[in-house]
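Participant: Take 1 as the starting number for the sequence shown in our numbering and just add one per residue. Glycine is no exception: its CB is placed at the ideal position from the N, C-alpha and C atoms. Predicted model only: the values in this text are computed from it and were never measured.
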Amino acid sequence: GSSGSGKSTLLNILGILDDYDSGSYTLDGVLIRDLSETQAAVYRNRYLGFVFQSFNLLPFKTAAENVALPLFYQNVSRKKRNAIALEYLDRVGLKDWAEHLPSELSGGQKQRVAVARALIAKPRVILADEPTGALDSKTSDQLMDLIDEVNAEGVTIVVVTHEQDIAERTHRIIRLVDGEIAQS
C-alpha cells in the first residue's frame, strides 16, 4: 500500500507493539490482546524477528554483536552467542565483516546484518518493514533471494512494501487502502 494506507499500523499490531481496536490476533495459539509489557516482550522475543528499512543497528556494536543481541535477551552465554552470530553472518555472506561497525558497512551489508539478527533467535515470523527501501535494485534482489530461502525453511515472512516489484516476489499480496484490506 501507499503512504498512509495503514502498513505501519498493521506491522505494529503484528509485532505486538500496538494494540488493535477490533477483531482478534492469535499467534501460535495465543490470543494477543491486552498483554503486559513483559508478556509482549516475551512473545516478541520468542516468536518474532524484525527487519527495518533503517536497519536499526547499534552504531557502537560490531556486526557480530548486533546479530547476537537477541540471544543476549535469551540469556545465552557470550561465547555461544558469538559463535552462533558468526554462523548467521556466514549465512548472509558477511562472516569476514563480523568485527566491522555499521559505519563501515554498505547499505546492503547493513540490511544483511539486520536479517541475520532477525534470524538468530529462530523466530516463527519475520516482520520486514520496507526491507529494500534503502537499497539499489541488485541488492534488493539479493535480499529478496535471502528472504525466499528463509521462507522456504518454514518461517513466515510478512514484507511491508510500496514497491510493486518487491510485492510480486512474495507468495501472497494483500493491499491496504485507507487502513483496510482492498484485495488479496
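So, are the CB atoms of Val115 and Val158 less than 8 Å apart?
Facilitator: Contact flag unset, no.
Participant: Look at the Cβ atom of Gly15, then the Cβ atom of Arg44, and state whether they are nearer than 8 Å.
Facilitator: Going by C-beta atoms, Gly15 is nearer than 8 Å to Arg44.
Participant: Which residue wins for smallest C-alpha separation from Leu17, given the options Val30, Ser24, Ala41 and Lys7?
Facilitator: Leu17 has its Cα closest to that of Ala41, out of Val30, Ser24, Ala41 and Lys7.
Participant: Count the other CB atoms, across all protein chains shown, that sit within 10 Å of the CB of Ile173; report buried if there are 16 or more and exposed otherwise.
Facilitator: It counts as exposed.
Participant: For Lys79 and Ala121, what's the separation of their Cα atoms in angstroms?
Facilitator: Spanning the two alpha carbons is a distance of roughly 16 Å.
Participant: Would you decide whether Arg175 is buried or exposed? Buried here means 16 or more other CB atoms lie within 10 Å of its CB.
Facilitator: With fewer than 16 other Cβ atoms within 10 Å, it is exposed.
Participant: Thr170 by DSSP, collapsed to three states: which one?
Facilitator: Note: Thr170 maps to coil in three-state DSSP.
Participant: Closest to Ser36 by C-alpha separation, out of Ala152, Pro123, Glu104 and Asp19, would be which residue?
Facilitator: Comparing Cα positions, the closest option is Asp19.
Participant: Can you give the beta carbon distance from Asn82 to Ala64, rounded, assuming they're within the 8 Å contact cut?
Facilitator: Right, the Cβ-Cβ distance comes to about 6 Å (below 8 Å), so this counts as a contact.
Participant: Below 7 Å CB to CB, which residues in the same chain sit around Leu58 once its five sequence neighbours on both sides are set aside?
Facilitator: Answer for Leu58: Asn66, listed in chain order.
Participant: Taking just the CA atoms, how far does Gly107 sit from Thr170?
Facilitator: Whole-angstrom Cα-Cα distance: 22 Å.
Participant: The beta strand (DSSP E) spanning Gly49 covers which residue range?
Facilitator: Residues Leu48 to Phe52.
Participant: Spatial neighbours of Tyr88 within its chain, please: CB distance less than 7 Å, with the 5 preceding and 5 following residues excluded, ordered by chain position.
Facilitator: Excluding positions up to five away in sequence, the list reads Val67, Ala116, Leu119 and Ile120.
Participant: State the DSSP-derived secondary structure class of Arg33, mapped to helix, strand or coil.
Facilitator: Arg33: coil per DSSP, three-state reduction.
Participant: Using three-state DSSP, classify Asn132 as helix, strand or coil.
Facilitator: Per the sequence shown, residue 132 should be read as Thr rather than Asn. The answer is coil: DSSP assigns Thr132 none of H, G, I, E or B.
Participant: Secondary structure at Leu71, three-state DSSP: helix, strand or coil?
Facilitator: Looking at Leu71 - three-state DSSP - the assignment turns out to be helix.
Participant: On the DSSP letters alone, give me the boundaries of the alpha helix (DSSP H) that Thr156 sits inside.
Facilitator: No alpha helix (DSSP H) contains Thr156, which is instead part of the beta strand (DSSP E) from Thr156 to Val160.
Participant: Could you give the distance in angstroms between the alpha-carbon of Leu143 and the alpha-carbon of Val30?
Facilitator: Approximately 31 Å, taken between the alpha carbons.
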